[in-house]
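Notes for the one structure printed next.
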Amino acid sequence: MKFTLKYLLCVFLILLSFNFSVFYNIHHFNYSTVKNHIDYLSSENFKGRLAGTLENEEAASFIKESFKKNNLLPYKKDFYHSFLCKYPCKIKGNPYLKILDKNNSIVKEFSYGIDYKEDMINFRNNNVLFSKDNSLYLNKNLIKVTNSTGKFLFYNTDNNNLNFRSSFIENFPIDMVVMVTDKTLSEIKYYLSRNYSISCFIPFCIKDTKLNNVVGYIKGKKDISPIIISAHFDHVGYDLNNNTYPGALDNASGISFVIEFSKYIKSLGQPTRDIIFIGFNAEEFGCLGSKNFAIKNKKHLKNSKVFNYDMIGSMNAPLCIMGGKKDSSKTPIIKSVSSSCSYNKINFNYLFQDSSDHESFRNNNIEAITFIDNDTSKIHTPKDKASFININAIKRCFKVSSMEIIKQAFNNNLILIYYKQFLFISIIGSFVCIKLNFKYM
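Quick note: the sequence shown uses my numbering, first residue 392, plus one each step.
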């Protein structure tokens, strides 16, 4: 009996030593750090992180330095992977929407931010002068103008709310879009019917720019298809009244999660395959950063799996597994992730849309999903602030994500998944054996 107890004690002490070493070396995912990063990236310092702006470059620099600090390697010898695109650039001048008589005298001038506001979707042309002599399409909610300079749209919004800001789409078929209140739209129609003209100017133009994705990686043991963990970091900037669109949930949350996740995964040891971490730029312009990366690296990424994070931080909706529009709950990567959700007793649902960076990979036949807390109540408005981020939503996403990455890149190593439980068992076992040894001395 004594020999058996001593043997068991030795076994439990060895297990205790091993499990303590694992516990000590694994970085414990810090939810407060994620929240602090969200606070920082959605602060006034970054002015909405619009791609093409200095503040967007500063956000990229922050991500790069965070990847370096977390001991990631630069992907293909560089953390920055650049691409060219167009972006909406604020220019000199004040916006206006005016009613003019036949002598071009101002009859009425509407107030920016109260009566009307730009919709960011395009600025191929930033000014328009029109009357009922132009080609007009009118209905209850909009006026569509076609003249020699282009196509223009004035539309009213739900509840006269002018706070929503669209993504910029270079090839959008309308040259300029302006939001107006019900009252403003009615007044414009009234003056048009009485032979007055409407003049509108929004001080934005389209310019060329070079943007950077930020890419780091952990080297794997085998030269097989990598795992990609990604999130976009750009947002929609600020308006002409200098109101910032913070983009806390969309998507300071996702990139902040990825930064902290990279530190945790790095501490797990060497994975079986490369794990690439990416901060994508210009998602708000039509997923341009991820599209560029997927096309340039298509050959290397064949048979890869992509885990993208977009809007992680709201408990107002279940954790959503978003696949491409041609995917289903039976798509292998979605089936695997849903299994991890069920195991962790996490309420989840599915969404099959090409509306985040997973789209770029699905279009190239690469398995990809986006984790998303599909709460759209505040996104693309000045109300998308860090104060609304719920840490419990970050926790539930980590539970699923960590299990899935260990499954895909660490041979489903149970010690890495249950190291806390193993440590607890070895402590209890050692304590019981010590107590019994004293009893039978």
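Just so it is clear, CB atoms sit at the ideal spot from N, CA and C, and this is done for glycine as well.
- Secondary structure note for residue 683: its alpha helix (DSSP H) is the uninterrupted segment 679-687.
- For residue 622, there is no enclosing alpha helix (DSSP H); the residue is found in the beta strand (DSSP E) stretching over 618-623.
- Spanning the alpha carbons of residue 533 and residue 570 requires a straight line of approximately 9 Å.
- The Cβ-Cβ distance between residue 520 and residue 590 falls below 7 Å.
- Looking at the DSSP output, residue 596 bridges to 480.
- Per DSSP, reduced to three states, the secondary structure at residue 510 is strand.
- Nearest to residue 554 by alpha-carbon distance, out of 699, 769, 588 and 524, is 769.
- For the 7 Å CB-CB criterion, residue 718 and residue 698 do not form a contact.
- Pairwise C-beta distances place the region 603-620 in contact with the region 448-466, as three or more of them are shorter than 8 Å.
- Counting the other CB atoms within 10 Å of its CB gives residue 691 a total below 16, which places it among the exposed residues.
- The region 521-607 is shown to contain whole beta strand (DSSP E) runs of 3 or more residues at 526-530, 533-538, 541-547, 567-571 and 588-592, in chain order.
- One Cα belongs to residue 566, the other to residue 696, and the distance between them is close to 38 Å.
- By alpha-carbon distance to residue 523, the top candidate from 643, 536 and 738 is 536.
- CA-CA distance, residue 456 to residue 429, rounds to 16 Å.
- In the three-state reduction of the DSSP assignment, residue 714 falls in the strand class, which pools E and B.
- For residue 465, same chain residues with a beta-carbon under 7 Å away, outside a window of 5 residues either side, are 607 in chain order.
- Nearest Cα to residue 493 within the set 586, 812 and 737: 586.
- Nearest to residue 796 by C-alpha distance, out of 674, 662 and 714, is 662.
- DSSP places residue 633 outside both helix and strand once states are collapsed to three, so it counts as coil.
- As a beta-bridge residue in DSSP terms, residue 759 pairs with 697.
- Non-local beta-carbon contacts of residue 597 in its own chain, meaning distances under 8 Å to residues more than five positions away in sequence, involve 477, 478, 479, 480, 513, 514, 515 and 561 in chain order.
- The beta carbons of residue 617 and residue 664 sit closer together than 7 Å.
- Sorting 816, 741 and 709 by C-alpha distance to the C-alpha of residue 787 places 709 at the top.
- About 5 Å separates the beta carbon of residue 642 from that of residue 701, a gap short enough to meet the 8 Å contact definition.
- Using a C-beta cut-off of 8 Å, the region 437-455 makes contact with the region 617-629, since at least three inter-stretch Cβ pairs fall below that distance.
- For residue 508, the closest of 538, 547 and 667 by C-alpha to C-alpha distance is 547.
- Here residue 655 is actually not in contact with residue 472; their C-beta atoms are around 24 Å apart, not less than 8 Å.
- With fewer than 16 other CB atoms across the displayed protein chains lying within 10 angstroms of its CB, residue 424 is exposed.
- With respect to residue 704, residue 620 sits apart: the two C-beta atoms are not nearer than 7 Å.
- Note on the region 713-788: whole alpha helix (DSSP H) runs with a minimum of 4 residues are 723-734 and 749-753, in chain order.
- Sixteen is the threshold: when 16 or more other Cβ atoms of the shown chains lie within 10 Å of the Cβ of residue 588, as they do, the residue is buried.
- Residue pairing by DSSP puts residue 465 in a beta bridge opposite 607.
- The Cβ-Cβ distance between residue 680 and residue 454 does not fall below 7 Å.
- Of the candidates 687, 746, 694 and 800, the residue whose Cα lies closest to the Cα of residue 756 is 694.
- For residue 519, the secondary structure class from DSSP, reduced to helix, strand or coil, is strand.
- In the DSSP assignment, residue 431 falls within the alpha helix (DSSP H) that extends over 422-432.
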